[in-house]
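Visitor: I have a structure here, written as structure tokens, and I will follow up with some questions on it.
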Amino acid sequence: MFYVIHQLIFEKEGVYLHTNAKRSNQDTTIPGFIRIVERDGEGGEEETKFDPGYEPDWAVINDWGSFSLPLSELYSLRRARFSLGRNFLVLTTRGGDPLPPLHFQRGGARELLKAMQRYIRLAPSPMDGRLFLAYPHDSGALSQSFDELHLFDDTSADLVSRFIQDPYATTFGGFSKVTNFFRGALPHTHQESPFSNRSPQDAHCPHPADEEPGFELITCVKLGPRPQVKRGKPLDNWDQFLDPEGRVTDPQKVKELVFRGGIVPSLRREVWKFLLGFYPWNSTTKEREDILRVKTDEYFRMKVQWKSVSEEQEMRNSLFRGYRSLIERDVNRTDRHNSFFSGNENPGLALLHDVLMTYCMYNFDLGYVQGMSDLLSPLLFVTQNEVESFWCLTGFMDLVHQNFEESQEAMKQQLLQLSVLLRALDPELCDYLDSQDSGSLCFCFRWLLIWFKREFSFEDILSLWEVLWTRLPCENFHLLMASSILESQKEELIGSNHDFNSILKHINELTMKLDLQSILCGAEAIYLQLTHCKELPLKVQEVLGLRVPCSSSEESPDSEPKETDTLLAQTPDCHRPREGLNECVLCEIMGCGRHNGRLVALTMRFHAKRG
């Protein structure tokens with residue numbers, strides 16, 4: 078195909094194409110330049126097309142090479158900024174193919190994107206502030222300058238010239254829903270600006286028929302300063318909260334005191350039974366005596382059921398036999414360092430076993446899952462009572478039973494919610510974890526499964542769990558705890574350039590090395606910082622309980638490619654590149670069609686030294 082260059086719009090040297098960094102024996106960065114040009118659509122100079130040998134990785138080019146991308150074919154671009162000022166830009170075509178990451182050693186990314194905005198609009202993805210979508214200008218849509226997008230801050234001319242991390246593998250881990258952004262550009266459709274959000278007060282209002290729930294505009298929100306938080310004194314006077322008949326007069330005040338400072342050890346046995354629902358807050362002393370008597374009878378009836386199962390019956394019940402085997406194995410390795418469970422003939426081990434077996438009869442569908450013994454042992458240690466520990470366990474399991482379900486959907490959801498929080502709090506740390514294939518936060522799985530039981534000392538866990546049982550300041554405070562821990566490790570993770578395996582190793586080695594009080598203060602400070610933000614993304618609001626999700630159905634990462642395909646299919650024909658035609662997407666500027674008959678294209682040329 079032949080073109081004549083009509084006008085050079087932008088040109089920048091010192092741009093490096095980043096190829097497969099895993100090939101350590103080859104150059105992984107190719108120097109070159111990038112430019113934007115307007116071309117006449119007929120006749121003229123032949124432009125050499127660059128074939129990178131796209132396999133799944135871009136091959137290293139051992140000679141001069143160039144390739145052009147009409148802006149009509151640009152679907153999205155993604156920016157990533159790691160430590161030491163390294164900036165990357167990845168462009169993806171409407172066919173779904175990402176180009177190699179580009180590194181602007183001498184700056185210029187801001188100027189490039191500003192020039193591109195003469196012809197296309199760039200809007201943040203609704204689910205990922207680092208992903209920006211390209212689509213035509215439209216007179217009915219809200220215009221937004223490049224400066225408002227804050228994509229790059231690479232004004233320094235002295236950036237690091239070599240790539241250390243390869244962001245390619247995780248650059249497009251999932252496309253976000255972008256329908257809202259296309260509505261303003263679709264013809265004959267009156268829509269509100271894609272940059273306007275529903276306010277939290279409208280959260281319970283039904284969505285219009287043509288609005289798919291769950292959309293929001295997520296940008297790089299300035300959270301504001303993080304407040305300083307101090308822990309308070311533990312609850313040490315229980316009687317002051319009881320009326321003459323034994324009712325708790327101010328349950329909310331009790332919870333606030335527990336959240337601020339915990340409970341002194343001598344009161345834990347009594348107060349825990351309220352926090353875990355064994356006793357109602359408004360029950361009298363006499364009513365609690367009756368409850369204990371009824372619950373004791375119920376417990377031993379269930380215990381007799383499994384005790385009365387003969388060996389012959391058990392041989393025909395593989396599920397029951399499996400539960401018993403798992404329990405016996407886990408009991409023998411649960412908190413054996415604690416004097417209450419140490420030794421071979423310790424009665425505490427027998428109680429641990431019996432309570433877990435009885436829980437199988439109480440909830441046979443769930444039965445026993447590894448990790449439940451970790452939840453029971455502190456309860457048994459504090460109550461020193463088989464019946465009370467059992468009913469406290471049932472209350473605890475009411476809060477976390479979904480963690481132990483076979484589908485693990487609740488665990489996946491919590492990891493996604495943790496990712497949402499971390500992305501709002503520290504995009505740089507998220508970028509780094511993504512670059513090391515650790516963006517799923519799978520190394521936090523154990524934290525969330527058993528509420529940090531193996532990360533802190535036994536005594537610290539007693540203090541932590543009573544704080545979490547208050548459900549203050551939100552039900553997902555354990556996710557704020559996880560965020561606080563991750564932020565505390567940011568300097569080590571990024572500064573030491575950890576990869577996937579060493580990240581996992583480092584996180585596992587945090588066991589018994591974390592200071593609980595500082596982590597609690599950090600988690601509460603994060604909550605206050607987020608809730609004070611006036612433009613907090615809706616997804617973050619949902620995690621914090623500030624907004625009720627508009628739909629009970631959760632988004633699935635697997636659905637994202639389908640949504641992207643649908644959006645591409647919905648793009649008007651005039652916005653798509655056609656075979657044999659030099660279509661231009663500058664529909665708003667000159668009407669639907671060419672820009673004065675010219676094609677606007679992004680041209681890149683790179684050269685690698687021969688070995």
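Counting with the working numbering, you get residues 78 to 688 for the letters of the sequence shown.
Glycine included, each C-beta is placed from N, C-alpha and C at the ideal position.
A quick note: this is a predicted structure, and the numbers were derived from the prediction, not measured.
(1) How is Lys384 classed by DSSP in three states: helix, strand or coil?
(2) Unbroken alpha helix (DSSP H) runs of length 4 or more, entirely within the stretch 478-565: which are they?
(3) The ligand FAD and Val497: does the residue's C-beta get closer than 7 Å to at least one heavy atom of that ligand?
(4) For Val335 versus Asp313, is the C-beta spacing smaller than 8 Å?
(5) Quick check: what's the CA-CA separation for Leu510 versus Ala559?
(6) For the alpha helix (DSSP H) that contains Arg345, what are its first and last residues?
(7) Considering only their Cβ atoms, is the gap separating Glu564 from Leu495 smaller than 8 Å?
(8) Can you tell me whether Thr326 is buried or exposed? The criterion is at least 16 other CB atoms within 10 Å of its CB, across all chains shown.
(9) Taking Pro201 as part of the beta strand (DSSP E), name the residues at either end of that continuous run.
(10) So Leu428 and Leu457 are supposed to be a Cβ contact under 8 Å. How far apart are they, rounded?
(11) Among Asn423, Phe529 and Gly420, which residue has its Cα nearest to the Cα of Met449?
(12) Does Lys380 pass the burial test, meaning 16 or more other C-beta atoms within 10 Å, or should it be called exposed?
(13) Tell me the residue span of the beta strand (DSSP E) that contains Tyr436.
(14) Here's the rule: buried if 16 or more other CB atoms are within 10 angstroms of the residue's CB, otherwise exposed. What is Val343?
(15) What's the C-alpha gap between Glu150 and Ala186?
(16) Among Pro328, Lys363 and Trp468, which one has its Cα closest to the Cα of Asp374?
(17) I'd like to know whether the C-beta atoms of Gln606 and Leu168 end up nearer to each other than 8 Å.
(18) List the whole-angstrom C-beta distance separating Ser515 from Ile580, where the pair is believed to meet the contact cut-off of C-beta under 8 Å.
(19) What is the rounded straight-line gap between the Cα of Phe417 and the Cα of Phe473?
(20) Count the other CB atoms, across all protein chains shown, that sit within 10 Å of the CB of Met589; report buried if there are 16 or more and exposed otherwise.
(21) With 16 other CB atoms within 10 Å as the buried threshold, where does Met193 fall?
(22) Cβ atoms of Arg112 and Leu85: under 8 Å apart, would you say?
(23) Do Pro304 and Ala600 count as a contact pair if the criterion is CB distance below 8 Å?
(24) Provide the residue(s) that pair with Pro108 in DSSP beta bridges, ordered along the chain.
(25) Put Pro147 into one of helix, strand or coil per three-state DSSP.
(26) Hey, could you find the ends of the alpha helix (DSSP H) Phe336 is sitting in?
Guide: Judging by the given coordinates:
(1) helix
(2) 486-502, 504-512, 522-526, 535-546 and 554-565
(3) The ligand FAD is absent from the structure shown, which contains no ligand whatsoever.
(4) no
(5) 15 Å
(6) Pro342 to Leu352
(7) no
(8) exposed
(9) Ile197 to Pro201
(10) The C-beta distance from Leu428 to Leu457 rounds to 6 Å, short enough to meet the 8 Å contact threshold.
(11) Looking at the Cα atoms, Phe529 is the closest of the given residues.
(12) buried
(13) From DSSP, Tyr436 is part of no beta strand (DSSP E) but of the alpha helix (DSSP H) over Pro424 to Tyr439.
(14) In the sequence as presented, Val is not what sits at residue 343; that position holds Ser. Label assigned to Ser343: exposed.
(15) 19 Å
(16) Trp468
(17) no
(18) 5 Å
(19) Across the structure, Phe417 and Phe473 are spaced so that their CA atoms are roughly 21 Å apart.
(20) exposed
(21) buried
(22) yes
(23) no
(24) Tyr93
(25) strand
(26) Pro328 to Gly338
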